[in-house]
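In the order they appear, the protein sequences are chains H and W.
Its first residue numbered 1, the first sequence is counted upward by one per residue in the UniProt record's numbering.
Its first residue numbered 1, the second sequence is counted upward by one per residue in the UniProt record's numbering.
Protein chains: 2
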Amino acid sequence: MKLPKSVKIKEVGPRDGLQNEKQTIPTEDKITWIDSLSKTGLSYIEVSSFVHPKWIPQLADASEVLGKIQREQGVTYAALVPNLRGLERALVANVDEVSIFMSASEAHNKNNINKSIEETYPILSEVVKEAKAAGKTVRGYLSTVIGCPYEGPVAASQVRKVSDRLFSMGIDELSLGDTIGVGVPNQVEKLLEELLPHFDANKLAMHFHDTRGTALANIVKSLEMGITIFDSSLGGLGGCPYAKGASGNVATEDLLYMLHGMGIETGIDIDTVMESAKLIEKVRGKKLNSRQMDILNAEEGAVCNG
Amino acid sequence: MKLPKSVKIKEVGPRDGLQNEKQTIPTEDKITWIDSLSKTGLSYIEVSSFVHPKWIPQLADASEVLGKIQREQGVTYAALVPNLRGLERALVANVDEVSIFMSASEAHNKNNINKSIEETYPILSEVVKEAKAAGKTVRGYLSTVIGCPYEGPVAASQVRKVSDRLFSMGIDELSLGDTIGVGVPNQVEKLLEELLPHFDANKLAMHFHDTRGTALANIVKSLEMGITIFDSSLGGLGGCPYAKGASGNVATEDLLYMLHGMGIETGIDIDTVMESAKLIEKVRGKKLNSRQMDILNAEEGAVCNG
Chain H
1 MKLPKSVKIK EVGPRDGLQN EKQTIPTEDK ITWIDSLSKT GLSYIEVSSF VHPKWIPQLA
61 DASEVLGKIQ REQGVTYAAL VPNLRGLERA LVANVDEVSI FMSASEAHNK NNINKSIEET
121 YPILSEVVKE AKAAGKTVRG YLSTVIGCPY EGPVAASQVR KVSDRLFSMG IDELSLGDTI
181 GVGVPNQVEK LLEELLPHFD ANKLAMHFHD TRGTALANIV KSLEMGITIF DSSLGGLGGC
241 PYAKGASGNV ATEDLLYMLH GMGIETGIDI DTVMESAKLI EKVRGKKLNS RQMDILNAEE
301 GAVCNG
Chain W
1 MKLPKSVKIK EVGPRDGLQN EKQTIPTEDK ITWIDSLSKT GLSYIEVSSF VHPKWIPQLA
61 DASEVLGKIQ REQGVTYAAL VPNLRGLERA LVANVDEVSI FMSASEAHNK NNINKSIEET
121 YPILSEVVKE AKAAGKTVRG YLSTVIGCPY EGPVAASQVR KVSDRLFSMG IDELSLGDTI
181 GVGVPNQVEK LLEELLPHFD ANKLAMHFHD TRGTALANIV KSLEMGITIF DSSLGGLGGC
241 PYAKGASGNV ATEDLLYMLH GMGIETGIDI DTVMESAKLI EKVRGKKLNS RQMDILNAEE
301 GAVCNG
């Protein structure tokens with residue numbers, strides 16, 4: 001099978017993970033955790049979000065976290081920004097990269113941003129323009145690229161249309177999110193077959209949620225199609241707050257196990273990642289949802305003959 | 001991607017699942033559960049094992065279970081058999097198909113069967129001969145086809161060698177087990193590239209454990225290479241008894257979700273499967289380990305905007 005030599009993993013746990021936790025993690029614990037992430041070999045950490053605290057109180061301390069973490073050289077510290085007001089705060093906090101976001105499906109965009117897709121473009125366009133003027137790179141997030149909780153399946157052509165508008169604004173990279181984790185590999189293939197003739201493979205990232213267990217299978221198909229950037233979160237943080245049992249982002253440590261097993265380099269040390277996962281698991285006070293954590297939490301030295 | 005139109009799923013939960021549970025499920029509950037499995041559309045259920053009860057006390061009631069289940073037409077009811085004594089009991093219980101087993105790695109075979117690989121062949125050969133004489137089909141299980149807990153990586157050439165001996169005995173099908181769940185897709189590809197020039201794709205089944213989350217990704221690669229038979233167990237039953245947290249077989253319901261999503265037919269109704277999973281979860285008294293069960297156990301009607 002045709003595989004890339006190396007892959008870039010973007011850790012979204014501190015943002016996409018923690019924004020979906022019911023409890024708010026104390027600021028000091030976030031900082032300690034992010035500092036531990038900075039020592040794993042990760043080159044990208046999405047630290048927080050400048051969405052109004054009314055909507056995401058869990059990340060109300062974005063400025064303080066960005067101000068107090070110990071930044072390592074070679075690591076990009078990013079944050080989500082919904083509008084110019086958010087961008088202003090993010091720039092004051094000296095974020096390295098700005099992430100903007102919207103959905104491919106009308107109903108999810110409306111529900112999440114309270115605007116139609118058409119109404120969203122000019123707002124994001126302004127953010128991109130101002131962020132660029134401030135010398136920042138901009139990442140786009142596009143949600144519901146395979147399925148929408150309100151509309152069902154989302155057409156690949158619709159994803160291409162919105163992606164086109166986002167790239168036209170000047171974003172540097174686009175992360176395509178299977179937000180509700182419904183996708184299977186041949187749907188991923190179909191989506192990428194629609195997008196890859198139009199956009200550079202190295203400007204596309206895949207963002208899978210493992211809600212139905214298909215995230216790693218989807219990542220393998222993406223790899224085979226030339227994608228080399230993947231979002232993940234430690235311990236699979238980021239489940240849906242309205243469906244307690246449902247899994248969140250694909251777990252960074254499970255992704256690392258697979259990629260390294262396949263001989264693909266990431267520059268990340270899985271043992272250090274596991275230490276960092278144990279740290280946030282302890283703060284969180286409940287078990288993380290990843291296979292590697294299950295194994296770590298199981299009796300040591302056990303051998304199975306089953 | 002090249003995919004088969006339909007796939008056959010072989011449910012191994014009542015055997016591979018329950019043999020690895022610490023607790024012994026009451027015989028009546030097993031029967032009720034297997035009867036519910038018979039109504040899902042599954043065409044193959046591995047009901048129990050005739051390994052000596054000293055080794056697997058959880059399945060000491062194999063004869064009673066096979067005698068009392070309500071057999072549905074079109075469903076094959078199979079059981080594991082280690083030797084002629086086990087075969088005798090299995091034939092009295094009127095099993096439809098007999099499964100023999102051994103490992104591809106010397107150390108795992110020794111540890112599991114207490115015999116070298118060479119010493120194992122004549123014992124299995126006798127079982128196959130007698131089972132055939134009694135008009136039964138025979139399935140072979142080959143464990144540790146990718147990794148061994150004692151020896152590490154297992155060479156594909158070694159798997160081919162042992163497979164060759166098993167097919168020479170006259171087995172009808174061979175199930176290749178990644179017993180400790182260490183495999184990743186390009187290893188699966190390498191293994192099948194070694195085997196497929198020598199053996200019929202429709203006589204090979206893949207048996208993945210999801211210990212490290214890679215089972216579905218491995219199944220997709222197997223599908224792409226022409227494999228159409230997969231073992232799985234409801235709720236991912238079958239974890240390692242010596243490592244409590246570690247996952248077992250790939251969960252039937254997660255496999256079904258993916259296959260059906262990919263447009264591949266199985267003849268199995270996932271809703272009926274979920275009812276059957278809830279049944280054994282209740283008997284078992286602790287949560288099953290599958291994404292579909294997580295979702296089912298989560299709050300109903302929840303919608304995620306994350």
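Quick reminder that beta carbons are idealized off the backbone N, C-alpha and C, glycines included.
Whether residue i touches residue j by CB criterion (8 Å)
{"i": "residue 257(H)", "j": "residue 291(W)", "result": "no"}
{"i": "residue 13(W)", "j": "residue 237(W)", "result": "yes"}
{"i": "residue 273(H)", "j": "residue 223(H)", "result": "no"}
{"i": "residue 264(H)", "j": "residue 4(H)", "result": "yes"}
{"i": "residue 45(H)", "j": "residue 34(H)", "result": "yes"}
{"i": "residue 121(W)", "j": "residue 96(W)", "result": "no"}
{"i": "residue 21(H)", "j": "residue 58(H)", "result": "yes"}
{"i": "residue 145(W)", "j": "residue 177(W)", "result": "yes"}
{"i": "residue 225(W)", "j": "residue 281(W)", "result": "no"}
{"i": "residue 142(H)", "j": "residue 124(H)", "result": "no"}
{"i": "residue 7(W)", "j": "residue 30(W)", "result": "no"}
{"i": "residue 232(W)", "j": "residue 9(W)", "result": "yes"}
{"i": "residue 194(H)", "j": "residue 247(H)", "result": "no"}
{"i": "residue 49(H)", "j": "residue 91(H)", "result": "no"}
{"i": "residue 139(H)", "j": "residue 88(H)", "result": "no"}
Reduced DSSP category for residue i - H, G, I as helix; E, B as strand; rest coil
{"i": "residue 275(W)", "result": "helix"}
{"i": "residue 77(W)", "result": "strand"}
{"i": "residue 4(H)", "result": "coil"}
{"i": "residue 176(W)", "result": "strand"}
{"i": "residue 308(H)", "result": "Because chain H here runs from 1 to 306, residue 308(H) falls outside it and cannot be looked at."}
{"i": "residue 201(W)", "result": "helix"}
{"i": "residue 249(H)", "result": "strand"}
{"i": "residue 185(H)", "result": "helix"}
{"i": "residue 128(H)", "result": "helix"}
{"i": "residue 294(W)", "result": "helix"}
{"i": "residue 244(H)", "result": "Caution applies to residue 244(H), whose pLDDT of 49 falls short of 50 and renders its modelled position unreliable; the model cannot decide the point."}
{"i": "residue 267(W)", "result": "coil"}
{"i": "residue 12(H)", "result": "coil"}
{"i": "residue 151(W)", "result": "coil"}
{"i": "residue 287(H)", "result": "coil"}
{"i": "residue 120(W)", "result": "helix"}
{"i": "residue 194(H)", "result": "helix"}
{"i": "residue 280(H)", "result": "helix"}
{"i": "residue 134(W)", "result": "coil"}
Span separating the alpha-carbon of residue i from that of residue j
{"i": "residue 82(W)", "j": "residue 262(W)", "result": "37 Å"}
{"i": "residue 129(W)", "j": "residue 278(W)", "result": "40 Å"}
{"i": "residue 244(W)", "j": "residue 18(W)", "result": "Note that residue 244(W) scores a pLDDT of 49, beneath 50, so its modelled location is shaky and nothing firm can be said."}
{"i": "residue 229(H)", "j": "residue 217(W)", "result": "18 Å"}
{"i": "residue 288(W)", "j": "residue 209(W)", "result": "15 Å"}
{"i": "residue 283(H)", "j": "residue 1(H)", "result": "41 Å"}
{"i": "residue 52(H)", "j": "residue 267(H)", "result": "34 Å"}
{"i": "residue 154(W)", "j": "residue 255(W)", "result": "26 Å"}
{"i": "residue 187(H)", "j": "residue 152(H)", "result": "13 Å"}
{"i": "residue 135(W)", "j": "residue 214(H)", "result": "40 Å"}
{"i": "residue 38(W)", "j": "residue 99(W)", "result": "19 Å"}
{"i": "residue 108(W)", "j": "residue 170(H)", "result": "57 Å"}
{"i": "residue 28(H)", "j": "residue 205(W)", "result": "51 Å"}
{"i": "residue 296(W)", "j": "residue 119(W)", "result": "47 Å"}
{"i": "residue 15(W)", "j": "residue 47(W)", "result": "6 Å"}
Start-to-end residues for the beta strand (DSSP E) that takes in residue i
{"i": "residue 233(W)", "result": "Premise fails: residue 233(W) is in no beta strand (DSSP E) and is neither H nor E."}
{"i": "residue 142(H)", "result": "137–143"}
{"i": "residue 204(H)", "result": "204–208"}
{"i": "residue 97(W)", "result": "97–103"}
{"i": "residue 45(W)", "result": "44–49"}
Continuous alpha helix (DSSP H) stretch holding residue i: start and end
{"i": "residue 29(W)", "result": "27–37"}
{"i": "residue 169(H)", "result": "156–169"}
{"i": "residue 219(W)", "result": "215–224"}
{"i": "residue 88(W)", "result": "84–92"}
{"i": "residue 63(H)", "result": "62–68"}
{"i": "residue 106(H)", "result": "106–113"}
So does the stretch 188–202 of chain H actually touch the stretch 190–199 of chain W, counting three or more Cβ pairs closer than 8 Å?
Contact fails: fewer than three Cβ-Cβ distances are below 8 Å.
Contact between the stretch 157–164 of chain W and the stretch 178–188 of chain W (3+ Cβ pairs under 8 Å)
When Cβ pairs closer than 8 Å are counted between the two stretches, the stretch 157–164 of chain W is seen not to touch the stretch 178–188 of chain W, the count staying below three.
Any contact of the stretch 105–113 of chain H with the stretch 63–78 of chain H, i.e. 3+ C-beta pairs under 8 Å?
Using a Cβ-Cβ distance cut-off of 8 Å, the stretch 105–113 of chain H and the stretch 63–78 of chain H are not in contact, since fewer than three pairs of beta carbons, one from each stretch, lie closer than that value.
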